[in-house]
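Undergrad:
2 protein chains.
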Amino acid sequence: MITKNQVKYIQSLGQKKSRDIENRFIAEGPKLVNELITAENCKIVQLLALKEWIDENPSASDHTEVIELSDMELEKISQLTTPNQVLAVIEKIQWKNDPEIKGNISLVLDTIQDPGNMGTIIRLADWFAIKNIFCTTECADVYSPKVVQASMGSISRVRVEYTDIESLLIENNDVPIYAAVLDGSDITKMEKISEGIIVIGNESKGINTEMLKLANVQITIQGKGKAESLNAAVATGIILSHLV
Amino acid sequence: MITKNQVKYIQSLGQKKSRDIENRFIAEGPKLVNELITAENCKIVQLLALKEWIDENPSASDHTEVIELSDMELEKISQLTTPNQVLAVIEKIQWKNDPEIKGNISLVLDTIQDPGNMGTIIRLADWFAIKNIFCTTECADVYSPKVVQASMGSISRVRVEYTDIESLLIENNDVPIYAAVLDGSDITKMEKISEGIIVIGNESKGINTEMLKLANVQITIQGKGKAESLNAAVATGIILSHLV
Numbered sequence: 255m256i257t258k259n260q261v262k263y264i265q266s267l268g269q270k271k272s273r274d275i276e277n278r279f280i281a282e283g284p285k286l287v288n289e290l291i292t293a294e295n296c297k298i299v300q301l302l303a304l305k306e307w308i309d310e311n312p313s314a315s316d317h318t319e320v321i322e323l324s325d326m327e328l329e330k331i332s333q334l335t336t337p338n339q340v341l342a343v344i345e346k347i348q349w350k351n352d353p354e355i356k357g358n359i360s361l362v363l364d365t366i367q368d369p370g371n372m373g374t375i376i377r378l379a380d381w382f383a384i385k386n387i388f389c390t391t392e393c394a395d396v397y398s399p400k401v402v403q404a405s406m407g408s409i410s411r412v413r414v415e416y417t418d419i420e421s422l423l424i425e426n427n428d429v430p431i432y433a434a435v436l437d438g439s440d441i442t443k444m445e446k447i448s449e450g451i452i453v454i455g456n457e458s459k460g461i462n463t464e465m466l467k468l469a470n471v472q473i474t475i476q477g478k479g480k481a482e483s484l485n486a487a488v489a490t491g492i493i494l495s496h497l498v
Numbered sequence: 255m256i257t258k259n260q261v262k263y264i265q266s267l268g269q270k271k272s273r274d275i276e277n278r279f280i281a282e283g284p285k286l287v288n289e290l291i292t293a294e295n296c297k298i299v300q301l302l303a304l305k306e307w308i309d310e311n312p313s314a315s316d317h318t319e320v321i322e323l324s325d326m327e328l329e330k331i332s333q334l335t336t337p338n339q340v341l342a343v344i345e346k347i348q349w350k351n352d353p354e355i356k357g358n359i360s361l362v363l364d365t366i367q368d369p370g371n372m373g374t375i376i377r378l379a380d381w382f383a384i385k386n387i388f389c390t391t392e393c394a395d396v397y398s399p400k401v402v403q404a405s406m407g408s409i410s411r412v413r414v415e416y417t418d419i420e421s422l423l424i425e426n427n428d429v430p431i432y433a434a435v436l437d438g439s440d441i442t443k444m445e446k447i448s449e450g451i452i453v454i455g456n457e458s459k460g461i462n463t464e465m466l467k468l469a470n471v472q473i474t475i476q477g478k479g480k481a482e483s484l485n486a487a488v489a490t491g492i493i494l495s496h497l498v
């Protein structure tokens, strides 16, 4: 059973404003939720689930409040087109230490607004063992339900921070900065790197000129066909697979 | 002005069944429509547009019927969340010759169901000058509005065919077949190719075992992190950037 106020509260976490005030977000579906339950840095506040999920996960209630729901109740609180057994209310992820930029590879995202792309890029970073993603505030919110679902649990392993990117690049000017542009060096001919900040821009607008000025190397994925641009997540994947 | 029957007809083209019967599809927005108008193999049947688009494209009516619409009328026929000036009814694309597989690089898609991924892969093929994509019938329909919009005009340059893939692979067994799997040869260490059929499978189910048996080389994008899989479009992009 769930009260009207609880329904309202969970629905409100679909909005960035409420997530920021409450410092919480939601994640849905057995695969994702079970992964986040076991993640060290994820504090689950509450689990709302169908009987079938609760029966299959008897230890879930050891550390967290578990509320049993009917299909109809789950439908009310779910952000998915097809609600999927369980919804978790989770505290925003806390990272113990400061991000290590020196000696590592980090990603910078400038105005990646599509939540699907944002989630896919987080998964990609995880795939290539990249620990940090720094975003302009124009990027999609990492805790928006669509980003959380698209990231498939990688949000617990990749730190995503929203910050003033120009200051970040200036402060870290001893780390090489690579910017993805349309007319830079051919990415397929570059050496692999072990340290660097890779800046990915918006698909249609590219990278902000002030940021671009701070880059040391401009890199490009050369096309032979007539397509005008690549999807930002695909471009990130190609760049990481050649550089990392 | 547009009649109720016209509205109904155009709405029906949102469904695969109607598109197959009518042999037509729709495309929306000035950028995409203007690109398809100039494409050699696209026969525009009808343009339905706001006055502002018609004023900016006076020659559009030279070869095609152009119907002026109000904002409200466009909203009724549009498949977009935010209708965008113009909608074109187009005949399904006709390709003059048979696809050339020998001596070229082709893509095979097994059960790529997400229309966004499908459209992104078509754009990617175009970027890397790949002319042919062969799909299992479980793949998203290339003429579905979401695929058309995501492909950004690349559908006029890349041939997408739905066919029996096993027969296709058997008939072309003199062309090397590469299959993307989880434990094959590291894609970053492979030589570039000038001929081949690259088979991409469904993100969660992989490639059908019968098809896999027909492959000559199994290829993999090696990850160092903990993410379980890559988005199918991203994986295609990485593979093409290394092989092509």
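One line per chain: the protein sequences are E and Z, in this order. This note's numbering puts the last residue of the first sequence at 498; the count rises by one with no breaks. This note's numbering puts the last residue of the second sequence at 498; the count rises by one with no breaks. Each residue gets a CB set at the ideal place from its N, CA and C atoms; glycine is no exception.
#1: Consider the C-beta atom of E:L341 and the heavy atoms of the ligand SAH; say whether any pair is separated by less than 7 Å.
#2: Select from E:D440, E:G438, E:P430 and E:T490 the residue whose C-alpha is nearest the C-alpha of E:L468.
#3: Between E:E420 and E:E392, how many whole angstroms is the CB-CB distance? I'm expecting something under 8 Å.
#4: Give me the chain Z residues within the contact set of E:A487, using Cβ-Cβ distance strictly less than 9 Å, ordered along the chain.
#5: What residues in its chain sit with their C-beta under 6 Å from that of Z:E329, if we drop five residues either side in the sequence?
#6: Counting only the same chain and skipping the five closest in sequence on each side, list residues whose C-beta sits under 7 Å from that of Z:T417.
#7: Using CA atoms only, rank isn't needed, just tell me which of Z:Y397, Z:K446 and Z:K356 is closest to Z:A342.
#8: Verify the CB distance criterion: does Z:G268 have a CB-CB separation below 8 Å to chain E?
#9: So, using beta-carbon positions, are E:S324 and E:E282 closer together than 8 Å?
#10: Tell me whether E:G455 is buried or exposed, calling it buried when 16 or more other Cβ atoms sit within 10 Å of its Cβ.
#11: For E:I359, tell me which candidate among Z:K478, Z:N485 and Z:L494 has the shortest Cα-Cα distance.
#12: Using the rule of at least 16 other Cβ atoms within 10 Å of the residue's Cβ for burial, across every protein chain shown, is E:P399 buried or exposed?
#13: Do Z:I461 and Z:I493 come within 8 Å of each other at the CB atom, strictly closer than that value?
#14: Specify the secondary structure class of E:I321 as computed by DSSP and reduced to three states.
#15: Output yes or no for whether 8 Å exceeds the beta carbon distance between E:T374 and E:A404.
#16: Taking 6 Å as the limit between beta carbons, can you name the residues of its chain near Z:S408, skipping five residues before and five after?
#17: For Z:D316, which of Z:Q300, Z:M326 and Z:K271 has the nearest alpha-carbon?
#18: What residue range is occupied by the uninterrupted alpha helix (DSSP H) comprising E:S360?
#19: For Z:E457, tell me which candidate among Z:I451, Z:E449, Z:N371 and Z:I447 has the shortest Cα-Cα distance.
#20: Can you pull the chain Z residues whose beta carbon is under 7 Å from the beta carbon of E:I475, in chain order?
TA: The structure says:
#1: Annotation note on the ligand SAH: not contained in the displayed structure, which lists no ligands.
#2: E:P430
#3: So it is not a contact: roughly 13 Å between Cβ atoms.
#4: T374, N485, A487, V488 and G491
#5: P337
#6: F388
#7: Z:Y397
#8: no
#9: no
#10: buried
#11: Z:K478
#12: buried
#13: no
#14: strand
#15: yes
#16: I376, R377 and D380
#17: Z:Q300
#18: That residue, E:S360, is in no alpha helix (DSSP H); its beta strand (DSSP E) goes I359 to L363.
#19: Z:N371
#20: S495
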